[in-house]
Each structure stands twice: as structure tokens, then as C-alpha cells.
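*Asks:* Numbering (my numbering), first residue to last: 654 to 1046. C-beta atoms are modelled at their ideal positions from N, C-alpha and C, and glycine is treated no differently. These numbers come from a predicted model, not from an experiment.
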Amino acid sequence: MAAVTSKVLVNEWCEGKTYTFQKHHQRKHHQRDDEKLSLDRLFIINYNGRLEHVVNGSHSFTLLLSTEETSNNPFFHGSCAYVAEDDELYISSDLLQPVDPAELPIILISRVKLIRGPMLGTHDGVQSVVWSKLRPPPNMPMPAGATSWSSSSPDDRAVVYCSQGKADQPGGLYEMRPGKAPQPVVSDFYGANFGCLCAVVVTNVRTAAKAYWFLDGGKRDHDPAFRDPPELPPGVWRYSAAGGGGPRMMTHDVRNPQDLAMSPDGETLYVTDTYLGKEDNRLEYKSQGAVYAFDVITRSGAPFLTAKRLFALPVRGDPTGIVCDAKGHVFVGCSDGVEIFHPDGALLGVLNVPGVVRSLGWGREGELFICTRRKLWLFTFGNDHPDLGSLWD
């Protein structure tokens, strides 16, 4: 497929808005200082003074790509894997309807090459992008979540994809190294097929104990025409080649997991979970999704997940994408933008962008990519933040 070169569509400084909590029984969640603020505007909501330790100085939103005025297709949906060596971003679409209505929906991968130059007072601002839409390799059908990793060697790197599989081919984890076909990392659990792999993170990249933590959504989005019924429940999994053996289910205490993130010290795993409660095929309740935290402990020389707890309840909508910065702050994609939480669970603020945020990903120092299905945003934290260098070490 041909690549499309596009200049930055919108680049503007964002304004800060301070919100205060009021005791009004007729109001839900919170009272805003300015009730006329539109969700179509770009601004930062400050709920807690500690937000200044995360977002401060000169910051901006940049709209890199949008399909709303063209095809309106959801190309910026799942995964947000940045490859620093190439300054490229890889994003998977939501289900797309082929031209032939008799064919099954497909998923495409967007490769976004960032073209940088002097811009808005910076030395390497994104001036334009080259957008290529790629068909997944045949042996890696229906890719969903993804991440990237690189070791100390510039040639030792890869993008890791969660393949959802299809009717005649089970899904699994696949690594794509530069210029090579994807290679399976995990394809089953001792013969039992996964249901719907949707997110992955890689830890201990520069050691022999490199590990893949990934989510299986189980029955989520199951379609008999798409793939066979899942043989395993939804859960958090881990695989490491160190020590031999296959993948381990770390916990099945999740309902409808969306994404996961590891704290920078490796001691806490965060999972976004949205659960639609049903009983006897009748809708009993719609519980709001939440962010859960698990402790990562070591027993007999192996990691285990324990002490599940509610970490945070989003202000608006279900949580989807999630990432952590180097100081342990947790960024969660929700219906009102990107909600920012302190490691102690306190809501610090929100990066408000139009649309529902589906996935997040770090770029260069001080850059956060935000996918809202039909738009790709870049939030730049600015180069005058006193702690910026330590946030993305």
C-alpha cells in the first residue's frame, strides 16, 4: 500500500484549567470552574497540585493524523509501539470492512514515520509524518496490542505483536525484527489455544531474564466466523525463555482486561479491566471499569502476582490503554482523555482530547502518543520542566 505524507494538522499550546470539588448533591463526579468548557477543546485539568511535578512548563498537543474528514476508519485503535532507532510508530486498526462485503473484517497496521525539525521553540519537533498502511503477514493474523523493545545492541530489537488468530489459525505472541518475518514467541498453552490476546509488555530486556507479560481477553469479541471458542479463561500471562518451560498464567482474577503496564521498579503490575456483568444471559448490571494493581513477588525464585486491589476508578468512561512513566505515575486512556494518577492512587489531572482514548505510547523524551481511533495525537510535555530528564530515563 502506498505511503501518505502529511504535514502536522494541528499544533497548539494547551491551556490549563483548575477544577474544584463541590458538595452539590445534584451533581455527579465534580463541579467545574467553567461549565461551558467543551470536550472538543484541548486543555489540561488540574485536580491536584502534585500534577505540576508531571506536567509543567511549555506543553502542547499536536494532531498528527486524522481520518474524520476522509474515510472515517478507525486506523488508530490498538497498540502504540514506538521504535526509537527508526523514529517510527506502529499502530493497529480496529476491525475494517473490506470492499467485498462477503469477506471477513480485517485489521491493518499503520507505520507512521516522524519527520522532525525546528518547531515551536524545540529542536526536534514533529513537522510532518509519512503514513503507510500495511497488511499483517499471513502467519500473524489480526494483530491487536503491541510493544517494542531494544537491547544494548542497536541491531537487537523487535516489535512484539498480540495476534488474535483466525478460524483456521490460533493467535499468539509474535516478534518482528527489522527486515525479517514475524517469529512466534508463544502460540499456545501446552496445546490449548488462547482466546483473544490483546496487550503485551516486555521486562528485563537487557538481561537473560527477559519476560513477556500479556493479556488474554478470553471470550471478548468472540465471533464463530472469526475463530473457534476460547479454550482458556481471561487472564494475565507471563513467558520467559529463562529456565525453560512454557507460558504461565499469573492470575485469572480479571473479567475483561484491556491493557497492562509495569511500574518502573517492577514491583507492581497494573491492569485496566472493564466488566459487563451478566447472569443467566441477562444483563444484571454495568459496572464501571477500573484500574487494578497486583504486587509482583518472588517465591522459589519465580515471580507471582498477589494482593490484587482497586488502584483507581476513572472519572469518566471505561479505562483502556495504560502506561507508566519512570517515576511511577500511571497514565490511563478514558472517555475524557488521559487521566494521570500518582502511584498512591490519587487522581492528579487529565489531558483532555476529543474522543475516547484507546491506546497510549511513549515516544522520545517528553512525548506521549495518544490514539483515539480516528485521530493520532502527540502530547509534548515541554523542554523546560525541571524534572523532565528524570521522568523518561
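Counting only runs that start and end within the stretch 713-794, where is the beta strand (DSSP E) found for 3 or more residues in a row?
*Replies:* 713-719, 731-736, 741-745, 762-772, 775-787
*Asks:* Rounded to the nearest angstrom, how far is the Cβ of A965 from that of G919, given a contact under 8 Å?
*Replies:* As a first step, residue 965 is located in the sequence shown; it is residue number 312 there, counting from the start. As a first step, residue 919 is located in the sequence shown; it is residue number 266 there, counting from the start. About 20 Å; that fails the 8 Å criterion.
*Asks:* If we ignore side chains and look at the alpha-carbon of each, how far apart do L1021 and N857 end up?
*Replies:* As a first step, residue 1021 must be located in the sequence shown, where it is residue number 368. As a first step, residue 857 must be located in the sequence shown, where it is residue number 204. Distance from the CA atom of L1021 to the CA atom of N857, rounded to whole angstroms, is 22 Å.
*Asks:* Measuring alpha carbon to alpha carbon, tell me which residue in L885, D912, E738, G898 is nearest P807.
*Replies:* For the purposes of this step, residue 807 is identified with residue 154 of the sequence shown, where counting begins at 1. For the residues L885, D912, E738, G898, the minimum Cα distance to P807 belongs to E738.
*Asks:* By how many angstroms is the C-alpha of E756 removed from the C-alpha of H982?
*Replies:* Here the question's residue 982 lines up with position 329 in the sequence shown. Here the question's residue 756 lines up with position 103 in the sequence shown. C-alpha separation (whole angstroms): 43 Å.
*Asks:* Count the other CB atoms within 10 Å of the CB of S724; is the residue buried (16 or more) or exposed (fewer)?
*Replies:* Position 71 of the sequence shown, counted from the start, is the residue given in the question as residue 724. Exposed: under 16 other Cβ atoms inside 10 Å.
*Asks:* Are the C-beta of T800 and some C-beta of chain C separated by less than 8 Å?
*Replies:* Going by chain labels, chain C is absent from the structure shown, which holds only one protein chain.
*Asks:* For G1035 and S1012, which I take to be in contact (beta-carbon distance under 8 Å), what is that distance rounded to the nearest angstrom?
*Replies:* Here residue 1035 refers to the residue found at position 382 when the sequence shown is read from its first residue. Here residue 1012 refers to the residue found at position 359 when the sequence shown is read from its first residue. Contact doesn't hold; Cβ gap of about 23 Å is too wide.
*Asks:* Looking at C-beta atoms only, is the number of pairs between the stretch 946-956 and the stretch 912-928 that lie closer than 8 Å three or more?
*Replies:* yes
*Asks:* Take every Cβ of the stretch 836-854, pair it with every Cβ of the stretch 821-828, and state whether three or more of those distances are shorter than 8 Å.
*Replies:* Cβ pair count under 8 Å is three or more, so yes.
*Asks:* Roughly how many whole angstroms lie between the Cα atoms of R952 and D869?
*Replies:* Position 299 of the sequence shown holds residue 952. Position 216 of the sequence shown holds residue 869. C-alpha separation (whole angstroms): 24 Å.
*Asks:* Roughly how many angstroms lie between the CA atoms of G888 and C849, to the nearest whole one?
*Replies:* As a working mapping, residue 888 is identified with position 235 in the sequence shown. As a working mapping, residue 849 is identified with position 196 in the sequence shown. The alpha-carbon separation between G888 and C849 amounts to approximately 10 Å.
*Asks:* Anyone know if the C-beta pair for N726 and S745 falls short of 8 Å?
*Replies:* Within the sequence shown, residue 726 is the residue found at index 73, counting from 1. Within the sequence shown, residue 745 is the residue found at index 92, counting from 1. The answer is no: Cβ separation not under 8 Å.
*Asks:* Please report the residue range of the beta strand (DSSP E) in which P910 lies.
*Replies:* As a working note, residue 910 is residue 257 in the sequence shown. 910-915 is the extent of the beta strand (DSSP E) around P910.
*Asks:* Alpha carbon to alpha carbon, how far is F984 from I975? Give it in angstroms, no decimals.
*Replies:* Along the sequence shown, read from residue 1 onward, the residue named residue 975 stands at position 322. Along the sequence shown, read from residue 1 onward, the residue named residue 984 stands at position 331. So the alpha carbons of these two residues sit roughly 6 Å apart.
*Asks:* Under three-state DSSP, which class holds G702?
*Replies:* The residue labelled residue 702 in the question sits at position 49 within the sequence shown. In the structure shown, G702 sits in a helix (DSSP, three-state: H, G or I).
*Asks:* Shortest alpha-carbon distance to N846 belongs to which of A852, D821, K863, L1031?
*Replies:* On the sequence shown, residue 846 is found 193 positions in, with the first residue counted as 1. The option with the nearest alpha carbon to N846 is D821.
*Asks:* Please confirm whether any heavy atom of the ligand GDP lies closer than 7 Å to the CB of K872.
*Replies:* Ligands displayed in this structure: none; no statement on the ligand GDP is therefore possible.
*Asks:* For the candidate residues I993, S988, R969, T973, whose alpha-carbon lies nearest to that of K1063?
*Replies:* Residue coverage of the chain in this structure runs from 654 to 1046, which leaves residue 1063 outside it and unanswerable.
*Asks:* Would DSSP call D821 helix, strand or coil?
*Replies:* Indexing the sequence shown from 1 puts residue 821 at position 168. D821 falls in the coil class under three-state DSSP.
*Asks:* Apart from the five residues just before and just after L704, which ones in its own chain have a Cβ nearer than 7 Å to its Cβ?
*Replies:* For this step, residue 704 is matched to residue 51 along the sequence shown. If we look at L704 and ignore the five residues flanking it on each side, its Cβ neighbours are I993, L1001, G1002.
*Asks:* What's the gap between the Cα of S804 and the Cα of L716?
*Replies:* Mapped onto the sequence shown, residue 804 falls at position 151. Mapped onto the sequence shown, residue 716 falls at position 63. Computed Cα separation, rounded: 31 Å.
*Asks:* Measuring straight from C-alpha to C-alpha, what distance separates L695 and Y843?
*Replies:* Stepping through the sequence shown from its first residue, residue 695 is reached at position 42. Stepping through the sequence shown from its first residue, residue 843 is reached at position 190. Computed Cα separation, rounded: 48 Å.
*Asks:* For L963, which residues of its own chain have a beta-carbon under 7 Å away from its beta-carbon, when the five flanking residues on both sides are left out?
*Replies:* Here the question's residue 963 lines up with position 310 in the sequence shown. Taken in chain order, the residues that qualify are A943, Y945.
*Asks:* For the beta strand (DSSP E) containing R901, name the first residue and the last one.
*Replies:* For the purposes of this step, residue 901 is identified with residue 248 of the sequence shown, where counting begins at 1. Where R901 is concerned, the enclosing beta strand (DSSP E) stretches over 901-904.
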